[in-house]
Amino acid sequence: MTTAVAPASTLTATDRCDRCGAQAYLKVELASGFDLLFCAHHAREHEDKLRDVAVNVVDETAKLSS
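According to the UniProt record's numbering, the sequence shown is numbered sequentially starting from 1.
Structure (structure tokens):
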């Protein structure tokens, strides 16, 4: 798994968590070409499984502490 922090925002306020609908701060790209979006809470909750299936991860959770 590769973790990338995008210099320009890749995720916007309209991107929503696939689990709960909150604003997404993590985008997981899969080998199938599909993406999964997660809020910070669900990203942490499913972190181990996401590492197993992710080809690339865009993590913008640092925006929460700014």
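Cβ atoms here follow ideal geometry from the backbone N, Cα and C, with glycine treated the same way.
Between Gly33 and Ser65, the alpha-carbon positions lie close to 30 Å from each other. Minimum Cα-Cα distance from Glu60 among the listed residues Val53, Ala31, Lys49 and Arg44 corresponds to Arg44. Of all alpha-carbon atoms in Ala54, Ala22 and Thr10, the one lying nearest the alpha-carbon of His41 is that of Ala22.
In the structure shown, Ala62 falls within a helical segment according to DSSP collapsed to helix, strand and coil.
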